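Numbering (the numbering used here), first residue to last: 337 to 599.
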């Protein structure tokens, strides 16, 4: 069977230097469907509409391409029936029976729309971009507070851009919501009042009670610190290094652990 490729498809193939086996693959695709003439959905710039899975694309470009691809498939399906009849996906492109008015008209409408505006479905693109930025927040900033999610962080950022979210931006956003990080680990704390000093989570406060100068006293002084951790620190939302050191040195057990003798 001799297959005819549309003029715009031949121009795109020549412009983008596709290899000869690309044309052969298209002809085989047309033969498999029984189409005498084959076209591909264009992106409005003279190129082929891609699915956004190409490794060479920037993430923002890939998100836009994936959104347009899905929207184009919906348009083709609404106009020309289910995939595999008058149109089909082929690798990273959408092929169609160029002799079918329904399929050719849908492909033309897609290309014309993209020639005037870069998106076929604004809402779909926005959702995909938001989801990608949410993943980026998670990858950039490490663990978030239990009651904070990526959308909360994005709402704090003035003009978030995909591919440009850094760990510093995430930390600043979480800090703006009233959180501070433990001075010894990455856990986020919620102190009720601002005060000087190094805030600590409960575990790090107990670990701090082990230390004496550059050495270590062994086991945490849980009994000594329990009233402080269950009282002030629990109400405040954080323990403080200075408090822990003062309590340890002021207690008989702590004095003995730190200085090796009774107070």
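Where is the CB? At the ideal position from N, CA and C, for every residue including glycine.
This structure is a prediction, so every number in the text was calculated from the model and none was measured.
With a minimum length of 4 residues, the unbroken runs of alpha helix (DSSP H) contained wholly in the segment 356-390 fall at 356-369. Counted as a single uninterrupted DSSP element, the stretch harbouring residue 529 is not any alpha helix (DSSP H), since DSSP gives it neither H nor E. Around residue 537, the same chain offers 518, 521, 523 and 525 as residues with beta carbons nearer than 7 Å, after the five sequence neighbours per side are excluded.
By the Cβ neighbour-count rule, residue 464 is buried, with 16 or more other Cβ atoms within 10 Å of its own. By a beta-carbon distance limit of 8 Å, residue 507 contacts residue 477. Their separation comes to about 6 Å.
In the three-state scheme derived from DSSP, where H, G and I count as helix and E and B as strand, residue 455 is classed as coil. Secondary structure at residue 411: helix, using DSSP grouped into helix, strand and coil.
The beta carbons of residue 484 and residue 513 sit about 7 Å from each other, so the pair counts as a contact at 8 Å. When DSSP states are grouped into helix, strand and coil, residue 417 belongs to the coil group. Closest option to residue 530, judged by alpha-carbon separation, among 572, 544 and 409: 572.
Taking the C-beta atoms as reference points, residue 378 is found nearer than 8 Å to residue 348.
If you look at residue 347, you'll find it isn't in any beta strand (DSSP E); it sits in the alpha helix (DSSP H) that goes 343-351. Contact check for residue 534 against residue 561 fails: the beta carbons are separated by 8 Å or more. The three-state reading of DSSP puts residue 434 in coil, since its state is none of H, G, I, E or B.
One Cα belongs to residue 466, the other to residue 364, and the distance between them is close to 39 Å.
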